[in-house]
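For what it's worth, the numbering used here labels the leading residue of the sequence shown as 2, then goes sequentially.
By construction, the Cβ of each residue, glycine as well, lies at the ideal position given by its N, Cα and C atoms.
No experiment lies behind these values; they were computed from the predicted model shown.
Report on one structure; see the data block that follows.
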Amino acid sequence: MATPRKSILAATLGRYATPADNAAMGVDSKQIMAEVRKFLADATEAGFDVEPLEINPQDLDDSLNWTKAQLQSKEWDGFVISFQIRSPATYTAVFETLVNTSREVAPSTKIMFVSNATDLMNTLSRNFST
Numbered sequence: 002m003a004t005p006r007k008s009i010l011a012a013t014l015g016r017y018a019t020p021a022d023n024a025a026m027g028v029d030s031k032q033i034m035a036e037v038r039k040f041l042a043d044a045t046e047a048g049f050d051v052e053p054l055e056i057n058p059q060d061l062d063d064s065l066n067w068t069k070a071q072l073q074s075k076e077w078d079g080f081v082i083s084f085q086i087r088s089p090a091t092y093t094a095v096f097e098t099l100v101n102t103s104r105e106v107a108p109s110t111k112i113m114f115v116s117n118a119t120d121l122m123n124t125l126s127r128n129f130s131t
């Protein structure tokens, strides 16, 4: 019998990441996009259905409303908060708000944190023993 696929919602800055955001992580936009494509392919192959969720720190209210709607839209196995959001001190409030929102809206969803810009698969493996 096949292992059930896991549904993962992944919060990231995505298109809202600035060159300064990427430089702070030691990567450029092209590197990030290549890493995201590789991660999505690897995750799909490993049994995860990952849906990216772009967070706009300049319009946090709208992003939070969208985050709540997505978290309520179905049963998610996990909610990943990317290194782009977790790491820079400038986004600490965004990070905290996402954590608290996910706890309130989807308390049974596993919250996961990526430890660096290229550690997405390790994060899923660490939390779901793939």
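Integer-rounded CB distance, given that residue j should sit under 8 Å from residue i
i: residue 14; j: residue 85; result: 4 Å
i: residue 77; j: residue 9; result: 7 Å
i: residue 79; j: residue 117; result: That pair is no contact at about 18 Å.
Proximity to residue i [Cα-Cα], best of the options
i: residue 1; options: 91, 113, 89 and 21; result: Residue 1 lies beyond the range of the chain shown here (2 to 131); nothing can be said about it.
i: residue 39; options: 120, 127 and 129; result: 120
CB contact flag (residue i, residue j, <8 Å)
i: residue 95; j: residue 61; result: yes
i: residue 122; j: residue 43; result: yes
i: residue 52; j: residue 11; result: yes
i: residue 106; j: residue 69; result: yes
i: residue 48; j: residue 7; result: yes
i: residue 124; j: residue 81; result: yes
Cα-Cα separation, residue i to residue j
i: residue 20; j: residue 33; result: 11 Å
i: residue 115; j: residue 30; result: 18 Å
i: residue 103; j: residue 93; result: 15 Å
i: residue 4; j: residue 130; result: 12 Å
i: residue 142; j: residue 41; result: Because residue 142 is not part of the residues shown, which for the chain are 2 to 131, the question remains open.
Those residues which DSSP pairs with residue i across a bridge
i: residue 50; result: 8
i: residue 105; result: Partner(s): none; residue 105 has no beta bridge.
i: residue 79; result: 9 and 111
i: residue 55; result: 13
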